[in-house]
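Protein chains in written order, with the UniProt record's numbering: chain A, 1 to 436; chain B, 1 to 578.
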C-alpha cells in the first residue's frame, strides 16, 4: 500500500483507435482517440451502450486485441499480448466445465509454473476469501450462476494481479445474486483484503457504476469516444436511496440520452445516417407495449427514464435503445433522460391493430430511409421482387457485417408488421406479394 | 447391500485394498499378459505363417480374436495420434488448412480397401521376411477406416472452441501446448469418442479384407478372426462361420463394455454444457475402477504424468487462426505464392498420374469405369431408398418408446460392425439355388452393415422429439399421413440425413466387398465399380485399380456435394429443433 503515496499509472492509454474490417472491405472505426489512465487504488468504470467500444477498450488493455493506432502501456511497457499482473473476469464466467472449482482456480497459477504445494495453498486461500469454501471439488455445472462467478473472481484474484479487469461481470446474474456479489466484492475492497491494486470494469448498468466506481467514463457510440468523465466521491458503502446517489444516476441518464438528439435530428442530409443507419432489432410488440405504457397513467405521455427502467425491469442501455427506436419512428422524443410521446405516438396508442399497422408503415417509409428505398425499388421493378443481397451490399458500405445482419433482420420484422413488403427466407428476396 | 456394508467397514488406511481390487487386478494383469503374448507373435518370421496356416479349429479362435483385437487397438491409437496432429495443424494454420481440409475430404471418400492395395507392398518391404510388415499393412488398413472422421470431428471442435474460454486461456498466460491439452482436447473429447466408436464398427466391417490380403502375387493371411472367416468361406465350413460370429460377438461386447463404456462415462464431464441435464452414462467397469482404492492409486502416477506433460512449458510456434489479434491482414503475396506452390504440385501430380495411366489405359477403360460407377451409384440410391422406407417408420416407432429405444440402440450399433462376408453363405446359396441374378441379389450385401446407421439416427431423432410438440399434434387430432408429414418427419429430418450420409458413404465402401461374393468354389460377381476395383486388385493390375479408385472418389465426392450437403444444410437451417 506504500506505493499509493504517489499516484503511479498502472495503465496508460493514449490516443487509441481501433477499427474492424467492414463487410465491404473498408475499415469501421469503433474506438476513436481514447485516452485513459488507471492509477493504483481506484475502481474505474467504463459505461456506455452496446457498440460504444467499451469492451474493445477492455480487451486492448487485457492484451487480447491490439489497437489500430495509438499507444497502450501497462506499467510503462507497451502491451503486446496479455500483460503480467492483469487478470480478467468474464461476463459468461468462462469456466472450464471439465475442471473442478479448485482446478479452475489453479489454472492461472499452473500457467505461471508455480509448484504444486504453493499452488494449492494460494488457491485455497482465494477460494476461502471469495466465500467458496466447501465447493472445491464441485464442477461448474453443479453451481448456481452466482457461485460460478465467484469461481471466476477467485481464479482472477489467485494470481495476485495489480489490475483486475471485469467485463460486465454481473450482467448474466439475477438481480439479487448480482447485488450480493457486488456488495461482497466492495466489502473486500474497502477492507483491503483483495490482493489487487485497481479494478477496471465495463458495465451498461448506470446504478452499478455509481455504486462501485470512483471514476466513471461515459462512452458515446459510433464511433466510441469518451463523452465525459464523472468522479464519484461518495463514501463506501454507498446507499442507493441517498439523494446525491439518485442525482448522479439521473445526470448520467441525461448525458447518455443527450447524445441521441443531434443524431436523430440529422437523419436527412448527413451522409452515414441515411440508408446506412444501423437498425437494432426491437420487436414491434415491445414498441407497441411501450407506447401504451407511456400513454397510460401515471406517465400520461411523459416518463423519467430511470423510473421507467426500474418499473419495466430494463437495463439502462435497453430502455435508451427502445427510446431511440421510438424517436426514430417519430412516436416519441428522447431528451435529458426523459421520454415523451409525440402526437403520432398518442394517436397510435388509441387505435386498433389494423390502423396501427397502417400508421407504423407510413412512419417506416417516411422516417427510415432504407425502408423507403426498398419499397421504391420494389415498386419500380416489373417483377416487384429484389434480392436482399442488393441492399445488404449497400448497408455493408457503412457498417460491419454483423450490424448489416441485424439491420436486415429489423427491416424484415418491421416491414412484416407494417405489411409494407414480404420477405422469403429461403430465397432471401423481398417482394410486394402479401400472403395475407 | 452387503458389499456396501463391507465398504464402509473398510475405512482404514486409504490405500488398503478392498474386494473390488481383486476383481480389477485380475482384469489388469490378464490384459497385460494378453498384450505381451500378442506382441511376441508379430516379430516371428513370415515363413512361420506359411508353416502354420490359419486353422479352423475353434480352440484357436480366442487367440485369433486377441490378435485381431490388438490390431484394432493399435489402429485406434494411431488414429488418435494422427487426429491430434493433423487437426491441430489444420485448425491453427490458415495456409495449412487450405490444403489439409479438402485433402481430408477426398481421403474420406477413397475406398478403404483402395489404400490396402498400395500400402501392402510398401510395408512388406519395410520389414522383409517378417510378419511385422504384413501386420503393419493390416493395421494401416484399419487405420484408414478410422482416422478421417475422427480428424474431422476434432478439427470442427477446435474451430468452435468457445471464444470466452479461448480468451481466458490467453489472459491467464497458458502456453500453446497447455492450451491444447487444457482446452482444445477436452472440448473435442465427446465428439472424438463418438467418432472413435463409429470408426471401430467401420474397422470390423473390413476385418476380413484387412487380414486375408491378396494383391497380385502377394498373398498374406495373418492369424485373426478375419482370416478365419476367409478360410471358412473358402472351405465352405458353416460351423466355423458360426464360431467366428460367436467370437466376434464376444470381442465386440468386450470392447464395448471394457473400453468404450468406461470412456464414454468418464468423458461425460467434458460435455460442454453449463447445466447438469439428462442422465449421465454409466459403466460398471469405470465404477469398478473408481471403487478400488489400490487401482486408483495405480492411476495416480498416470494422472501426475499427464499433469506434468500438459504443463510443460513447450512454446509452440504462434500459429494464430484467422482474425488474429494483431489486426494485421495476412500478406496477399505469401498467400499467392502458397497457392501457386499448391497448384504447381497438383499439376505435377496430375501429369505423373496421366503418364502412368496412359501407358496402359485408353479412353474406353475410362468409359467402362464410369459405366460401372453409374451402376453402383444406382444401387446405392435404390438401396438407401429401400432402407429409408423400411427403417424410418420402424425407427420412429422405437424412438417414441424410450424403454425400447434404450435396448435397440446398442443392438443396431453392434449390427453395424458385422462384416458382409459373414452373410456370404446365405446369399450365395439362395442365389445359386433359385438361379437369381447376381446383379440384383448381391446388392443387399452393400447395405447390410450400413442400414443400421439410418435406424439408430432415426431412433435418436425420434427420442429427442419434444414431448410438447407431440402433445400439441395429439390435441389437434393430427393423425395418419398428416402426422407423418407435418410432425414427425420434419422433426427427425436432420438426424435422418446424418444417418443417410453415413450409410451412403459406407455403402460405396462396402461395394468392393459386396459386389463379389464367394462360397467355396462358387464365385458370384455383379457388374459395378466395387467389383471392378476388387477384380483389378486381385489381379494386381495397378493402373486399373488407380482408375477405379479415382472414379469412385470423384463420384462419392460429387454425390456428397450435390445431394447430401445441400440437404444437410437445409435440415440444419430450417428443421433443427431447439
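Here a beta-carbon is modelled for each residue, glycine too, at the ideal position from N, C-alpha and C.
- Contiguous beta strand (DSSP E) elements confined to the stretch 66–94 of chain A occur at 69–74, 86–89, taking only those with 3 or more residues.
- Inclusion of residue 390 of chain A and residue 420 of chain A in the CB contact set at 8 Å is not warranted, their separation being larger than that value.
- Inclusion of residue 436 of chain B and residue 430 of chain B in the CB contact set at 8 Å is warranted, their separation being smaller than that value.
- Separation of the CB atoms of residue 174 of chain B and residue 111 of chain A is rounded to 5 Å, and the pair is thereby assigned contact status at 8 Å.
- Of all alpha-carbon atoms in A:96, A:155, A:231, the one lying nearest the alpha-carbon of residue 46 of chain A is that of A:231.
- Remark: C-beta atoms of residue 308 of chain A and residue 363 of chain A do not approach each other more closely than 8 Å.
- Comparing C-alpha distances from residue 142 of chain A to each of A:347, A:290, A:98, A:70 shows the shortest one belongs to A:98.
- Rounded to whole angstroms, the Cβ separation of residue 507 of chain B and residue 446 of chain B is 5 Å, and the two are in contact under 8 Å.
- Across the stretch 145–172 of chain B, CB contacts with chain A closer than 7 Å involve 164, 165, 167, 168, 170, 171, 172, in sequence order along the chain.
- Counting only the Cα atoms, residue 205 of chain A lies some 14 Å from residue 44 of chain A.
- Listed along chain A, the residues sitting closer than 9 Å to residue 186 of chain B by beta-carbon distance are 96, 97, 98, 99.
- Along the stretch 214–294 of chain A, the beta strand (DSSP E) occurs as fully enclosed runs of 3 or more residues at 215–220, 225–231, listed in sequence order.
- Cβ contact annotation for residue 220 of chain B (same chain, cutoff 6 Å, sequence separation greater than five): 134, 213, in chain order.
- Residue 82 of chain A belongs to the set of residues whose beta carbon lies under 8 Å from a beta carbon in chain B.
- Using beta-carbon distances, residue 92 of chain B does not count as an interface residue toward chain A, since no partner is under 8 Å.
- The beta-carbon of residue 409 of chain B is placed no less than 8 Å from the nearest beta-carbon of chain A.
- DSSP places residue 398 of chain A in the coil class of the three-state scheme, outside both helix and strand.
- Residue 430 of chain B carries a helical assignment under DSSP once its states are collapsed to helix, strand and coil.
- The C-beta of residue 170 of chain A comes no closer than 8 Å to any C-beta of chain B.
- With respect to the 8 Å criterion, residue 245 of chain A and residue 208 of chain A are not classified as neighbours on the basis of their beta carbons.
- Sixteen is the threshold: when 16 or more other Cβ atoms of the shown chains lie within 10 Å of the Cβ of residue 67 of chain B, as they do, the residue is buried.
- In the three-state DSSP reduction, residue 197 of chain A falls in the coil class, being neither helix nor strand.
- For residue 174 of chain B, a Cβ of chain A is located within less than 8 Å of the residue's own Cβ.
- Under the DSSP assignment, residue 332 of chain B falls in the alpha helix (DSSP H) whose first and last residues are 332–360.
- One Cα belongs to residue 381 of chain B, the other to residue 487 of chain B, and the distance between them is close to 26 Å.
- Taking 8 Å as the cut-off, the Cβ atoms of residue 547 of chain B and residue 352 of chain B do not count as close.
- Think of a sphere of 9 Å around the beta carbon of residue 88 of chain A: the chain B residues whose beta carbon falls inside it are 167, 168, 171, 172, in chain order.
- By the beta-carbon neighbour count (other beta carbons within 10 angstroms, threshold 16), residue 148 of chain B is buried.
- If you draw a straight line from the Cα of residue 333 of chain B to the Cα of residue 152 of chain B, it is about 29 Å long.
- The C-beta of residue 270 of chain B comes closer than 8 Å to at least one C-beta of chain A.
- Per the DSSP secondary-structure output, residue 13 of chain A pairs in a beta bridge with A:36, A:72.
- Restricting attention to A:202, A:137, A:177, the CA atom closest to the CA of residue 149 of chain A is found in A:177.
- Comparing C-alpha distances from residue 413 of chain B to each of B:441, B:426, B:384, B:450 shows the shortest one belongs to B:450.
- Taking a C-beta distance under 8 Å as the contact criterion, residue 241 of chain B and residue 251 of chain B do not qualify as a contact pair.
- In the DSSP annotation of this structure, the continuous segment of the beta strand (DSSP E) that includes residue 338 of chain A starts and ends at 338–341.
- By alpha-carbon distance to residue 379 of chain A, the top candidate from A:193, A:431, A:393, A:300 is A:431.
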